[in-house]
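One structure is given here, and the rest of the page talks about it.
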Amino acid sequence: MIEIAEGKCDFCGTCVGVCPVDCIELQEALIRIDHSICIDCDLCVFICPIEVLSHVDE
Ligand code: SF4
Ligand code: SF4
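Below, the structure is given as structure tokens:
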């Protein structure tokens, strides 16, 4: 499961563009991942420039 570090995201949108299943939702000051769609590919974890996202075992 991908965990979002609270208060760290600067909403640049980079992770949204790499997600192969479009499960990252970015609003003005909110980022959300639909875990029921996420395939745990970790692309968003690697692409985030400020390490907001991390892979945690469920
Ligand atoms: S791990 Fe992959 S599928 Fe899940 S949110 Fe990140 S880019 Fe999308
Ligand atoms: S790439 Fe990182 S900083 Fe940019 S929107 Fe995604 S989680 Fe936030």
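Counted the way the working numbering counts, the sequence shown spans residues 23 to 80.
Where is the CB? At the ideal position from N, CA and C, for every residue including glycine.
All values derive from a computational prediction rather than experimental measurement.
Residue i, DSSP secondary structure in three states
i, result
"Ile53", "strand"
"Ile26", "strand"
"Ile69", "helix"
Rounded distance between the beta-carbons of residue j and residue i, thought under 8 Å
i, j, result
"Val67", "Lys30", "About 13 Å; that fails the 8 Å criterion."
Exposure of residue i, with buried meaning 16 or more beta-carbon neighbours within 10 Å
i, result
"Ile9", "In the structure as shown, the chain begins at 23 and stops at 80. Residue 9 is therefore absent and cannot be evaluated."
"Ile53", "buried"
"Ile59", "exposed"
Enclosing beta strand (DSSP E) for residue i [first to last residue]
i, result
"Ser58", "It is not in any beta strand (DSSP E) - Ser58 carries neither H nor E in the DSSP assignment."
Start and end residues, alpha helix (DSSP H) containing residue i
i, result
"Val40", "36-40"
According to DSSP, residues forming a beta bridge with residue i
i, result
"Glu47", "Arg54"
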